[in-house]
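Here the structure comes first, spelled out in structure tokens, and everything after it is commentary.
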Amino acid sequence: MKFFQYLLKLDRRIIYIVMGVLVMYPLIKPLGLGVTSGPRAKALFDAVDQLPAGKTILVAVDFDPASMPELYPMLAAVMRHAFAKNLKVLLCGLWVTGVGLADRAATEIPPEYGKKYGEDIVYLGWKSGVDAVLLGMGENIKSVYPVDYYGKSLDSLPMMRSVQRLRDIPMVVAISAGTPGYQDWLLYAQARYGSRVGAGVTAVSAADAYPYLQSGQLTGLLAGMKGGAEYEVLVQKAGYSKAYMPAVAAMDSQSLAHVVIMLLVIIGNIAYFVTRRKGA
Amino acid sequence: MKRTIPLVICLIFGIVMMVQFFIPHPVSVALYNLSNDWVRNVSAFALVLGVGSLVMYHIEKMRRRRQGWYYSIVALVAAAVTTVVGLGWGVKQGSPLQNIIFSNLMVPLNASMFAILAFYMASAAYRAFRARTKESALLLIAAFIVMLGMVPIGNTIWHKLPEVAEWVLSVPNMAAKRAILFGVALGAIATSLKIILGIERGWLGGSKS
Chain A
1 MKFFQYLLKL DRRIIYIVMG VLVMYPLIKP LGLGVTSGPR AKALFDAVDQ LPAGKTILVA
61 VDFDPASMPE LYPMLAAVMR HAFAKNLKVL LCGLWVTGVG LADRAATEIP PEYGKKYGED
121 IVYLGWKSGV DAVLLGMGEN IKSVYPVDYY GKSLDSLPMM RSVQRLRDIP MVVAISAGTP
181 GYQDWLLYAQ ARYGSRVGAG VTAVSAADAY PYLQSGQLTG LLAGMKGGAE YEVLVQKAGY
241 SKAYMPAVAA MDSQSLAHVV IMLLVIIGNI AYFVTRRKGA
Chain B
1001 MKRTIPLVIC LIFGIVMMVQ FFIPHPVSVA LYNLSNDWVR NVSAFALVLG VGSLVMYHIE
1061 KMRRRRQGWY YSIVALVAAA VTTVVGLGWG VKQGSPLQNI IFSNLMVPLN ASMFAILAFY
1121 MASAAYRAFR ARTKESALLL IAAFIVMLGM VPIGNTIWHK LPEVAEWVLS VPNMAAKRAI
1181 LFGVALGAIA TSLKIILGIE RGWLGGSKS
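As they're listed, the protein sequences go chains A and B.
Numbered per our numbering, the first sequence spans residues 1 to 280.
Numbered per our numbering, the second sequence spans residues 1001 to 1209.
Written out as structure tokens, the structure is:
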């Protein structure tokens, strides 16, 4: 009885230490659990894969540094896939705190594939007014972004000659940590201007995206770090990249974290019901 | 008058933009583009209001020595330094704003704040997640299935577990989500109509005059 009462009053610092050790251990010594790709990630991969070379995909960086560990691997994997398929990438974002992250991706990933800024990738940056920005991009991208993030006129960038409005972009991949995010791209880019939209979201918001998947509005979905890991595996299996896979590396940690939380809930419930029965 | 003019503008633009959506005439498209430009420009002014509101709030908090007032000094100094660095040295790649404030301060701090949620969640789940009723027991089982199905260890334990998790998300979860979405959408339409017609006036702020 005392043991169960002790369990109920367990010092939270013990929980923190157990959690910390079990999250860190697989990062130092991987368990090698392996990642299998699900149908949602495969659908997005196939949609990007089937685009003809030379077409442009828009990748929306709608997240901030808080969600970076979960979502940046998706961004990198989608961009690597696009460049390997000789697609052009138009980067932009609806989150002002995400501009530096998109800038990092625009700077780091294209050189891996020998891609040049202005010809194979353009980063538009961020503008205020979500709905007005998306609607404006639907009519004329240059009216919303006369210059790119680096201050270069869009007229001076060869890639932008074939990309005037959202209708010229067959696929949008919105990597979103919340609002504004993929739902806004669905509302305008998909419903109004006919682009296909795929999404990468944090694990906690994945359940919200399912209705859009079944309705066919979302072409594919990367849910949380697992979604990012699935996409990384698909890209590597297809031979498009040999880069380090941060999401795959983190999956062992996440597996153990989930198991720890479940065990804690089970132990907490056992202790609660045993003490309650004895008390009664 | 102060309330009537905004109400009239709201009514006219609300109706015009609704009608415009269905008329692909050049005049309609031009009006639509002009309205979008206006919206973007007006929304940029919200920044001024936002900064003003932030500064006033923190100054007031410090003046009245409310609980945690010293954190307001940090907030204001951080806002001032970021503004000065951004205006002085620019915001592009290689600037102190990008290299120091964003990459070396904001990214690790923001990511750390989010990461410690795992510890709080573990502690909170241990203390609060109890199967006291049939409903909460069901919630617990569904949570366990999805938690295991969403990570590779679920597949290692039982290869069908990811499929069961997918079913939980695709069927019961989606049924509930869809009902919520319909409710939210209908509510949004009703609220929009009330705002356009001037029935809902909360957005004007203040009391009735």
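Just so it is clear, CB atoms sit at the ideal spot from N, CA and C, and this is done for glycine as well.
1) Let me know the secondary structure DSSP gives Met171/A once reduced to three states.
2) Would you please verify whether the beta carbon of Phe1129/B is less than 8 Å from any beta carbon of chain A?
3) Can you say whether Ser1209/B is buried or exposed, counting buried as having 16 or more other CB atoms within 10 angstroms of its CB?
4) Can you pull the chain B neighbours of Lys127/A, defined as C-beta to C-beta under 8 Å?
5) Sort Gly138/A, Ser176/A and Ala60/A by Cα distance to Leu124/A and report the nearest one.
6) Return the residues of the stretch 1149-1161 of chain B that lie within a Cβ-Cβ distance of less than 7 Å from chain A, sorted by chain order.
7) Using only alpha-carbon positions, find the residue among Arg40/A, Lys115/A, Trp126/A and Leu75/A that is nearest to Leu94/A.
8) Closer than 6 Å by C-beta to Tyr193/A: which residues in its own chain qualify, once you throw out the five before and the five after it? Chain order, please.
9) Looking at the C-beta of Leu1186/B, does it have a partner C-beta in chain A at a distance below 8 Å?
10) Which partner residues of Arg196/A appear in the DSSP bridge assignment?
11) Less than 8 Å between CB atoms is the rule here; does Tyr1071/B satisfy it with respect to chain A?
12) What residues of chain A sit near Ser1170/B, judged by a beta carbon separation below 9 Å?
13) So that I know if they touch, is there some Cβ in chain A lying closer than 8 Å to that of Lys1134/B?
14) Our contact map puts Gly200/A next to Thr219/A with C-beta atoms below 8 Å; I'd like the distance itself, whole angstroms only.
15) Count the C-beta pairs between the stretch 211-226 of chain A and the stretch 38-49 of chain A that are closer than 8 Å, then say yes if the count reaches three, no if not.
16) Cβ closer than 7 Å: which chain A residues qualify as neighbours of Met1001/B?
17) For the stretch 248-266 of chain A, which residues have a CB atom closer than 8 Å to at least one CB atom of chain B, in sequence order?
18) Suppose the cutoff is 6 Å on Cβ atoms and the five residues either side in sequence are ignored; what does the same chain contact list for Val96/A look like?
19) Quick check on Arg12/A - is its C-beta less than 8 Å from some C-beta in chain B?
20) Out of curiosity, what's the CA-to-CA distance linking Arg1130/B and Ala257/A?
21) Do Thr107/A and Gln1093/B have their CB atoms nearer than 8 Å?
22) Check the Cβ-Cβ distances between Ser1209/B and every residue of chain A, and say whether any is below 8 Å.
23) What separation, rounded to the nearest whole angstrom, lies between the Cα atoms of His81/A and Phe1013/B?
24) First and last residue of the beta strand (DSSP E) that includes Val61/A?
25) Along the alpha helix (DSSP H) that carries Ile961/B, what are the first and last residues, could you check?
26) In chain order, what residues of the same chain lie with their CB nearer than 7 Å to the CB of Asp62/A, ignoring the 5 residues before and after it?
27) What are the start and end residues of the beta strand (DSSP E) that includes Ser20/A?
Looking at the atomic coordinates:
1) Three-state result, Met171/A: strand.
2) yes
3) With a pLDDT of only 46 at Ser1209/B, under 50, the local geometry of the prediction cannot be trusted, and no value is derived from it.
4) Arg1040
5) Ala60/A
6) Met1150, Val1151, Pro1152, Ile1153, Asn1155 and Thr1156
7) Trp126/A
8) Gly138, Leu166 and Arg167
9) It does not; no Cβ of chain A falls within 8 Å.
10) Residue pairing of Arg196/A in beta bridges, as defined by DSSP: Met171/A.
11) no
12) Tyr210, Leu213 and Gln214
13) By this cut-off, Lys1134/B is not an interface position.
14) With a Cβ gap of about 12 Å, Gly200/A and Thr219/A do not count as contacting.
15) yes
16) Correct list: empty, because the minimum Cβ distance to chain A is about 28 Å.
17) In summary, the residues of the stretch 248-266 of chain A whose CB is separated from some CB of chain B by less than 8 Å are Met251, Asp252, Gln254, Ser255, Leu256, Ala257, His258, Val259, Val260, Ile261, Met262, Leu264 and Val265, in the order they occur in the chain.
18) Trp126
19) Taking a beta-carbon distance threshold of 8 Å, Arg12/A counts as an interface residue toward chain B.
20) 19 Å
21) yes
22) In this predicted model, Ser1209/B has a pLDDT of only 46, less than 50, meaning its place in the structure is not dependable; the value taken from the coordinates is given anyway. Not an interface residue.
23) Approximately 43 Å between the Cα atoms of the pair.
24) Thr56 to Asp62
25) The structure shown does not extend to residue 961/B, since chain B is modelled only from 1001 through 1209, so no value can be given for it.
26) Cβ neighbours of Asp62/A beyond the five flanking positions: Gly93, Leu94, Trp95, Gly98, Ala174, Ile175, Ser176, Ala177, Pro180 and Gly181.
27) Per the sequence shown, the amino acid found at residue 20/A is Gly instead of Ser. Note, Gly20/A: premise wrong, no beta strand (DSSP E); alpha helix (DSSP H) at Arg12 to Ile28.
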